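Protein chains in written order, with this note's numbering: chain H, 82 to 276; chain A, 570 to 733. Think of the CB as a built atom: it goes at the ideal place given N, C-alpha and C, for glycine as much as any other residue. Note that the structure is predicted; figures quoted are calculated from it, not measured. In what follows, a structure is listed as structure tokens, so that the remarks can point back to it.
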Amino acid sequence: MSFINYSSREINCKIVYYGPGLCGKTTNLQYIYRRTNPDQKGKLISLATETERTLFFDFLPLALGDIRGFRIRFHLYTVPGQVFYAASRKLILKGVDGIVFVADSQLERMESNMESLDDLGINLSEQNYDLDKIPFTIQYNKRDLPNVVPIEEMDRLLNPRKLVFYEAVAVTGKGVFETLKAVAKQVLFELKKHY
Amino acid sequence: MTGSDLVMYEEEFRRIDEELQKLHQQSNAKVVFLVDKNGQLIASAGETHDIDTTSLASLTAGNIAATGGIARLLGEKEFTILFHEGEKDNIHISLIGQRVILVVIFDNRTSLGLVRLRVKKASETMGRIFEEITLKAEKEKGEGKLEESIFAEISDEDIDNLFR
């Protein structure tokens with residue numbers, strides 16, 4: 082749910098990074114945070130456990146610039162990936178405008194990826210969103226690791242809509258901004274459809 | 570999905586801002602602000618300069634969402650008021666019309682009783698304004714008035730420019 086403020090000339094959109102535990106959602110946000118000018122970003126907030134596993138969410142506000150005199154703000158959130166945080170994940174999806182699904186490319190994580198994608202579909206439909214319609218981008222992360230599944234195979238398992246996907250190595254930043262840009266574009270074009 | 574987007578125009582924004590300023594004064598609070606349930610800051614009044622309002626907004630919304638989740642587990646619809654007491658500052662959080670969150674931060678210059686009383690009054694007024702906003706947005710969407718908005722002209726290039 083976007084917030085369009087004609088008085089302060091701002092458009093606020095919410096983007097959620099979804100995916101299984103340890104797939105690199107927080108790492109995506111941390112890289113974006115490091116590589117953004119101080120005047121374009123707010124604090125990166127992480128509600129994490131002592132072992133740095135996300136407990137509730139990470140939050141990063143970004144104001145990348147203006148379009149036609151309107152300041153475009155993106156609020157980036159991650160969900161806790163671990164299975165037992167299901168209730169928290171649902172809460173964070175409330176009012177989402179666009180989703181980045183971060184998949185872990187390692188062979189042993191394929192099942193978790195599929196499980197997480199199913200979980201996303203169910204949680205969205207509970208809130209009357211449709212995974213097939215909402216702005217959505219998929220990122221195949223950790224492509225630098227030795228035991229990765231070939232892209233074609235991942236695409237077959239996780240990307241039935243044949244959407245554009247991004248290969249990434251979030252720790253080094255490869256593919257991170259490309260993914261964000263792709264989802265941001267979809268979100269703004271979705272708004273264009275409605276307004 | 571976008572049926573529930575919040576669109577705020579100059580006139581309504583001014584009325585809400587006035588109402589917040591009034592609440593700030595009458596309750597003798599430090600800061601008063603209004604947050605969308607999804608964590609976006611709508612308006613604020615008072616000593617906001619040394620507070621990170623964006624983060625506060627998102628965390629408040631997370632707080633309300635988590636408490637709402639607990640409420641449903643217990644068979645309650647929602648807990649409409651949250652109150653956190655600190656050593657110096659206290660925070661009073663309440664829901665207006667299931668849609669927006671009103672946050673009042675105050676210290677010992679005032680009392681919880683006064684804050685609650687003023688919040689209740691302000692909530693009624695603001696609740697009405699938000700109902701009007703929803704109606705207005707739906708009406709104008711139906712009439713296609715918003716077609717002249719900035720979105721009509723957004724291009725790939727505009728979006729590329731954001732990421733330079």
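Between Ala-612(A) and Phe-582(A) the beta-carbon gap is near 7 Å, inside 8 Å, which marks them as a contact.
The residue from Ala-691(A), Asn-632(A), Leu-643(A), Glu-588(A) with its alpha-carbon nearest to that of His-653(A) is Asn-632(A). For Tyr-247(H), the enclosing beta strand (DSSP E) has its first and last residue at 246 to 248.
Annotation: Cβ neighbours of Ala-635(A) in chain H (cutoff 8 Å, chain order): Phe-137, Ser-169, Leu-172. If one requires a minimum length of 3 residues, the beta strand (DSSP E) runs lying completely within the region 607 to 637 of chain A are 610 to 615, in chain order. Not one beta carbon of chain H lies nearer than 7 Å to the beta carbon of Gln-595(A). Within the region 637 to 666 of chain A, contact with chain H at the beta-carbon level (separation under 7 Å) is assigned to Gly-638. Judged by beta-carbon spacing, Ile-665(A) lies within the 7 Å limit of Gly-696(A), meaning their Cβ atoms are closer than that value. C-alpha of Met-191(H) to C-alpha of Gln-163(H): approximately 15 Å in a straight line. Counting only Cβ-Cβ distances below 7 Å, Gly-146(H) has contacts in chain A at Asn-730, Leu-731, in chain order. For Met-695(A), the closest Cβ of chain H is not nearer than 7 Å. No Cβ of chain A is located within less than 7 Å of the beta carbon of Lys-106(H). If you check the CB distance, Asp-178(H) and Lys-95(H) come in under 7 Å. At a Cβ-Cβ threshold of 7 Å, Leu-731(A) and Gly-146(H) count as neighbours.
By the neighbour-count criterion, in which 16 or more other beta carbons inside 10 Å mark a residue as buried, Pro-119(H) falls on the exposed side. With a threshold of 16 other beta carbon atoms within 10 Å, Phe-155(H) meets it and is buried. With fewer than 16 other Cβ atoms from the protein chains shown falling within 10 Å of its own Cβ, Gln-594(A) counts as exposed.
The beta carbon of Leu-244(H) is closer than 8 Å to those of Phe-217, Thr-218, Ile-219 in its chain, skipping five residues each way along the sequence.
Of the candidates Ala-168(H), Tyr-112(H), Ser-206(H), Tyr-112(H) places its Cα closest to the Cα of Ala-251(H).
Its Cα nearest to that of Pro-101(H), the residue Glu-196(H) stands out among Ile-92(H), Thr-260(H), Glu-196(H).
For Ala-598(A), the secondary structure class from DSSP, reduced to helix, strand or coil, is coil. The Cβ atoms of Gly-256(H) and Tyr-247(H) lie closer than 7 Å to each other. Against chain H, the CB of Glu-579(A) has a partner CB under 7 Å away; the residue lies at that interface.
Within the region 597 to 630 of chain A, Asp-605, Lys-606, Asn-607, Gly-608, Gln-609, Ile-611, Asp-621, Thr-623, Ser-624, Ser-627, Leu-628 place their CB atoms closer than 8 Å to a CB of chain H, listed in sequence order. Shown here, Asn-204(H) sits in a helix according to DSSP, grouped into three states. Taking each of Phe-137(H), Leu-143(H), Phe-151(H) in turn and checking the Cα distance to Thr-159(H), the smallest one comes out for Phe-137(H). At a cut-off of 7 Å between C-beta atoms, Phe-720(A) counts as an interface residue with respect to chain H.
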